[in-house]
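Read through the structure below, which is laid out as structure tokens, and then see the notes.
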Amino acid sequence: MEIVRSFIELIPVTLAQSLIYAFVALAVMIPFRLLNFPDLSCEGTFPLGGSVCGALLAMGFGPVSAMAAGVAAGFLAGCAVAMIALRFRISSLLSGIIVITMLYSVNLRVMGRSNIALFTYPTIFDLVHEGLNQSLPAKIALLGAVVALVLGLLFAFLKTEKGIALRAVGANLDMAQAQGISVWWTTVAGVGLAASFSAFAGTVLVQSQGFSDVNIGFGVVINGLASLIIGELLVGRQNVARQLLAPVIGAIAYYQLVSVCLALGLAPSDLKFASGLLVLAMLAAPMLFGKERMMAREKVE
Amino acid sequence: MLQVRGLRKQFFPDTPNARIALDGVDLSLAPGCFCIVIGSNGAGKSTLLNAIAGQFLVGPGQITLEGEDIGREPLHKRARHIARVFQDPMTGTAAGMSLEENLLLAALRADKRRFRFGLSAGRRRHFRERLALLGLGLENRLGDRIESLSGGQRQAVALVMAVLSAPKLLLLDEHMAALDPVTAALVLQATVRVVEEARLTTLMVTHNMRHALDVGDRLVMMDQGRIRLSLTRADKAALSVEDLVHRFREKDDRVLLAS
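Which chain is which? The protein sequence lines are A and B, in order. Each step along the first sequence adds one to the number in numbering that gives the first Met the number 0, with nothing skipped, and position 11 is 10. Each step along the second sequence adds one to the number in numbering that gives the first Met the number 0, with nothing skipped, and position 39 is 38.
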């Protein structure tokens with residue numbers, strides 16, 4: 000009973016948190032699924048957004064300009080990941096890791112120290128409504144509305160001429176090029192766009208929790224991947240709408256799942272191991288079941 | 000009009016595997032010319048088409064299209080004027096996207112793609128008309144994903160896509176090789192119709208000697224990276240498939256160079 004109650008009590012907090020991390024899952028989905036450019040750089044662009052936003056808030060800038068700067072920084076970092084991978088023909092994953100590593104130093108430089116308290120500065124939540132950050136239902140409603148708005152805009156974009164061209168690059172590189180689409184610019188812009196979502200999540204998180212820390216990115220990529228995989232399991236990815244919905248639904252489900260595990264007594268320090276195990280299981284499942292199916296077929300024959 | 004002069008391409012240069020794929024190819028196509036390219040495997044046919052399309056940059060040599068030197072332009076820039084249908088039906092179309100989305104990209108090949116919904120009612124009507132010409136019933140499946148089509152249907156769609164934005168040059172790289180004979184005949188029919196209807200300057204690679212003789216205004220035979228033989232429509236009319244195969248075998252014969 001105690002377990003159930005502590006879980007239920009945590010549902011709203013977890014929901015608010017997962018709506019922020021939904022943007023990270025979205026930032027994982029776009030390169031992986033739409034561009035066929037596996038990229039893990041959220042691990043660096045997420046804290047980059049948070050650091051830039053936090054540093055600017057602490058310098059007295061308003062929340063809107065601080066967030067805009069954070070998102071712009073994320074966009075540029077994403078572009079850099081794509082440019083490095085394409086120009087020097089190295090793996091997108093390696094390119095991402097290089098950028099993540101470099102961003103760690105950048106984030107420390109930007110903030111001047113490893114964390115900044117932001118409690119005393121007005122945040123975007125205060126801008127919408129004074130004291131909104133203290134009201135959980137209002138926060139959830141606001142974050143939910145932003146997620147819905149972004150999904151709507153993204154859906155519309157993917158149906159425009161430019162959006163269709165972007166999807167073509169991920170769906171069939173040869174075909175895209177033969178239709179006059181520049182793989183270079185499309186990939187650079189697409190990965191940049193994804194990274195800006197990740198950075199945006201960073202800017203919202205630091206304002207939500209009241210401090211910016213250089214380590215907030217640790218493990219977010221595996222959480223984003225897990226969210227994406229769970230989401231695709233739940234809503235599928237047969238069309239653009241489902242593919243867009245998957246990371247968001249997945250993030251909501253994943254963080255509740257984490258909350259259940261914590262309520263059941265899993266030590267927070269073991270959480271990363273559990274997350275890794277979950278992603279591994281999900282990724283291994285098709286292989287394992289595929290093998291079984293193949294063996295079953297052999298028996299029949 | 001396409002003009003290719005002194006085109007050379009070496010694969011794996013400066014290694015023991017170095018191989019000359021194009022050994023000084025000269026080719027000039029009049030506007031509206033439908034030219035068939037034949038030759039044994041490794042003769043350089045596909046390499047020639049890839050070089051013209053911009054798949055790789057050639058060494059020495061010049062490629063001009065309607066007087067414009069395109070030899071240094073990247074692939075996607077050349078694609079504004081050059082349309083291609085590939086041998087593999089999977090290459091020319093995007094499987095996970097709908098038929099109309101594929102067609103839209105083809106329609107915009109020469110244009111700028113904008114932040115607007117491109118699939119207008121007018122465009123859809125136009126797509127339906129073009130697909131109806133194939134006689135495969137695809138005009139009723141605009142919203143279907145490409146992966147639900149058969150290989151032959153996909154190749155037919157790729158052909159429609161290639162000619163949708165009136166390219167200056169059409170490159171067909173053994174585009175019927177992966178199809179069964181009946182489907183291949185259908186796609187050939189459609190090919191001849193669209194090429195002749197729009198008077199498209201076309202280069203078509205084929206291994207089918209019958210097709211090589213039956214269609215096109217011109218026939219060139221490649222061997223070891225060179226064009227060894229060039230026949231006009233009148234020359235072709237006097238040849239049987241047996242004659243052609245015979246010449247094919249005789250390709251090393253010096254006499255052929257003079258003919």
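Cβ coordinates follow ideal geometry from the N, Cα and C atoms, glycine included. Just so we're clear, the structure is a prediction, and the values are computed from it rather than from any experiment.
Give me the residue from A:Ile248, A:Val239, A:Asn222 with the minimum Cα distance to leucine 233 (chain A). Residue 233 (chain A) sits at position 234 when you count from the first residue of the first sequence. Closest by alpha carbon: A:Ile248.
Less than 8 Å separating the beta-carbons of valine 214 (chain B) and serine 229 (chain B)? Along the second sequence, one-based indexing puts residue 214 (chain B) at 215. Along the second sequence, one-based indexing puts residue 229 (chain B) at 230. The answer is no: Cβ separation not under 8 Å.
Hey, is threonine 186 (chain A)'s beta-carbon within less than 8 Å of any beta-carbon in chain B? Your numbering for residue 186 (chain A) matches position 187 in the first sequence. No, because no Cβ of chain B sits closer than 8 Å to the Cβ of threonine 186 (chain A).
Return the chain-ordered list of same chain residues with a C-beta closer than 7 Å to the C-beta of threonine 186 (chain A), the five sequence neighbours on each side being excluded. Along the first sequence, one-based indexing puts residue 186 (chain A) at 187. Cβ neighbours of threonine 186 (chain A) beyond the five flanking positions: Leu34, Phe36, Ala81, Leu85, Val168.
C-alpha distance - glycine 43 (chain B) paired with aspartate 87 (chain B), whole-angstrom precision: Position 44 of the second sequence, counting from 1, holds the residue named residue 43 (chain B). Position 88 of the second sequence, counting from 1, holds the residue named residue 87 (chain B). Distance between the alpha carbons of glycine 43 (chain B) and aspartate 87 (chain B) is about 18 Å.
Valine 286 (chain B) versus isoleucine 221 (chain A) - alpha carbon distance: With chain B running from 0 to 258 in the structure shown, residue 286 (chain B) is simply not present.
What is the rounded straight-line gap between the Cα of glycine 31 (chain B) and the Cα of serine 45 (chain B)? Within the second sequence, residue 31 (chain B) is the residue found at index 32, counting from 1. Within the second sequence, residue 45 (chain B) is the residue found at index 46, counting from 1. Their backbone Cα atoms lie some 21 Å apart in a straight line.
Within 8 Å, do at least three Cβ pairs link the stretch 194-204 of chain A to the stretch 9-24 of chain A? yes
Buried versus exposed, by CB contacts within 10 Å (16 or more), histidine 245 (chain B): Looking up residue 245 (chain B) in the second sequence gives position 246. Looking at its Cβ environment, which holds fewer than 16 other Cβ atoms inside 10 Å, histidine 245 (chain B) is exposed.
Which value, in whole angstroms, describes the spacing of the CA atoms of serine 268 (chain A) and glutamine 54 (chain B)? The residue you call residue 268 (chain A) lines up with position 269 of the first sequence. The residue you call residue 54 (chain B) lines up with position 55 of the second sequence. The straight-line gap from Cα to Cα measures roughly 52 Å.
Can you pull the chain B residues whose beta carbon is under 9 Å from the beta carbon of serine 181 (chain A), in chain order? Reading the first sequence from its first residue, position 182 is the one you call residue 181 (chain A). Per Cβ cutoff of 9 Å: Pro73, His75, Lys76.
Starting from aspartate 212 (chain A), trace the beta strand (DSSP E) both ways and give me its first and last residue. Taking the first residue of the first sequence as 1, we reach residue 212 (chain A) at position 213. Counting along the chain, the beta strand (DSSP E) containing aspartate 212 (chain A) begins and ends at 210-212.
Quick one: which residues of the stretch 98-128 of chain B get their C-beta closer than 9 Å to a C-beta of chain A? List them in chain order. Glu100, Asn101, Leu103, Leu104, Ala105, Leu107, Arg108, Ala109, Asp110, Lys111, Arg112, Arg113, Phe114, Arg115, Phe116, Gly117, Leu118
Euclidean distance between Cα positions of glutamine 176 (chain A) and glycine 111 (chain A): Residue mapping note: residue 176 (chain A) aligns to position 177 of the first sequence, counting from 1. Residue mapping note: residue 111 (chain A) aligns to position 112 of the first sequence, counting from 1. For glutamine 176 (chain A) and glycine 111 (chain A), the distance between alpha carbons rounds to 44 Å.
Give me the Cα-Cα distance between leucine 1 (chain B) and alanine 20 (chain B), rounded to the nearest whole angstrom. Numbered from 1 along the second sequence, position 2 holds the residue referred to as residue 1 (chain B). Numbered from 1 along the second sequence, position 21 holds the residue referred to as residue 20 (chain B). Approximately 20 Å between the Cα atoms of the pair.
Minimum length 4: unbroken alpha helix (DSSP H) runs contained in the stretch 232-291 of chain A: 239-262
Please state if the CB of valine 84 (chain B) and the CB of histidine 206 (chain B) are separated by a distance shorter than 8 Å. On the second sequence, position 207 is the one that residue 206 (chain B) refers to. On the second sequence, position 85 is the one that residue 84 (chain B) refers to. Going by C-beta atoms, histidine 206 (chain B) is not nearer than 8 Å to valine 84 (chain B).
With DSSP as the reference, identify every bridge partner of valine 36 (chain B), one or two as the case may be. Residue 36 (chain B) sits at position 37 when you count from the first residue of the second sequence. BP columns for valine 36 (chain B) point to B:Val204, B:Val219.
For lysine 158 (chain A) and chain B, any beta-carbon pair shorter than 8 Å? Taking the first residue of the first sequence as 1, we reach residue 158 (chain A) at position 159. Chain B, which has a Cβ nearer than 8 Å to the Cβ of lysine 158 (chain A), makes this yes.
Proximity test, Cβ basis, 8 Å: methionine 96 (chain B) and chain A: Counting from 1 along the second sequence, the entry for residue 96 (chain B) is found at position 97. Closer than 8 Å: yes.
Identity of the residues DSSP links to isoleucine 62 (chain B) by a beta bridge: Counting from 1 along the second sequence, the entry for residue 62 (chain B) is found at position 63. Partner(s): B:Val3.
From the DSSP secondary-structure annotation, give me the bridge partner or partners of isoleucine 19 (chain B). For the purposes of this step, residue 19 (chain B) is taken as residue 20 along the second sequence, with counting starting at 1. Partner(s): B:Gln9.
Beta-carbon proximity of leucine 55 (chain A) to alanine 68 (chain A), cut-off 8 Å: As a position in the first sequence, residue 55 (chain A) is number 56, starting the count at 1. As a position in the first sequence, residue 68 (chain A) is number 69, starting the count at 1. Going by C-beta atoms, leucine 55 (chain A) is nearer than 8 Å to alanine 68 (chain A).
For the ligand GDP, is there any heavy atom lying closer than 7 Å to the beta carbon of cysteine 260 (chain A)? The ligand GDP is not part of the structure shown, which contains no ligands of any sort.
Close-in-space but distant-in-sequence residues of the same chain around isoleucine 29 (chain A) (CB under 6 Å, 5 per side omitted): Residue numbering aside, residue 29 (chain A) sits at position 30 when the first sequence is read from its first letter. Excluding residues within five positions, the ones whose Cβ falls inside 6 Å are Ala193.
Would you check if the stretch 119-137 of chain B and the stretch 154-161 of chain B touch, i.e. whether three or more CB-CB distances between them fall below 8 Å? yes
Which first and last residues belong to the alpha helix (DSSP H) in which serine 64 (chain A) is found? Here residue 64 (chain A) is taken as the residue at index 65 of the first sequence, counted from 1. Residues 62-86.
Output, in chain order, the set of chain A residues within a Cβ distance shorter than 9 Å of threonine 90 (chain B). Along the second sequence, one-based indexing puts residue 90 (chain B) at 91. Chain A residues near threonine 90 (chain B): Asn171, Asp173, Met174, Ala177.
Counting contacts by CB-CB distance shorter than 8 Å, is arginine 241 (chain A) in contact with chain B? Numbered from 1 along the first sequence, position 242 holds the residue referred to as residue 241 (chain A). So no, arginine 241 (chain A) is outside the interface.
On the criterion of 16 or more Cβ atoms from any shown chain inside 10 Å, does glutamate 294 (chain B) qualify as buried, or is it exposed? In the structure as shown, chain B begins at 0 and stops at 258. Residue 294 (chain B) is therefore absent and cannot be evaluated.
C-alpha distance - leucine 141 (chain A) paired with asparagine 132 (chain A), whole-angstrom precision: Start at 1 with the first residue of the first sequence, and residue 141 (chain A) comes out as number 142. Start at 1 with the first residue of the first sequence, and residue 132 (chain A) comes out as number 133. About 10 Å.
Show which residues of chain B have a CB atom less than 9 Å away from the CB atom of arginine 166 (chain A). Locating residue 166 (chain A) in the first sequence gives position 167, where the first residue counts as 1. Those within 9 Å of arginine 166 (chain A) in chain B are Ala93, Gly95, Met96, Glu100.
Taking the beta strand (DSSP E) that leucine 169 (chain B) falls in, what are its first and last residues? Numbered from 1 along the second sequence, position 170 holds the residue referred to as residue 169 (chain B). 168-172 is the span of the beta strand (DSSP E), which, as asked, contains leucine 169 (chain B).
Less than 8 Å between CB atoms is the rule here; does arginine 83 (chain B) satisfy it with respect to chain A? Along the second sequence, one-based indexing puts residue 83 (chain B) at 84. Taking Cβ atoms only, chain A reaches closer than 8 Å to arginine 83 (chain B), which makes this a yes.
So the candidates are B:Leu26, B:Gly95, B:Ser239, B:Ala106; which of them puts its Cα closest to the Cα of arginine 123 (chain B)? Mapped onto the second sequence, residue 123 (chain B) falls at position 124. Taking only the C-alpha atoms, the option nearest arginine 123 (chain B) is B:Ala106.
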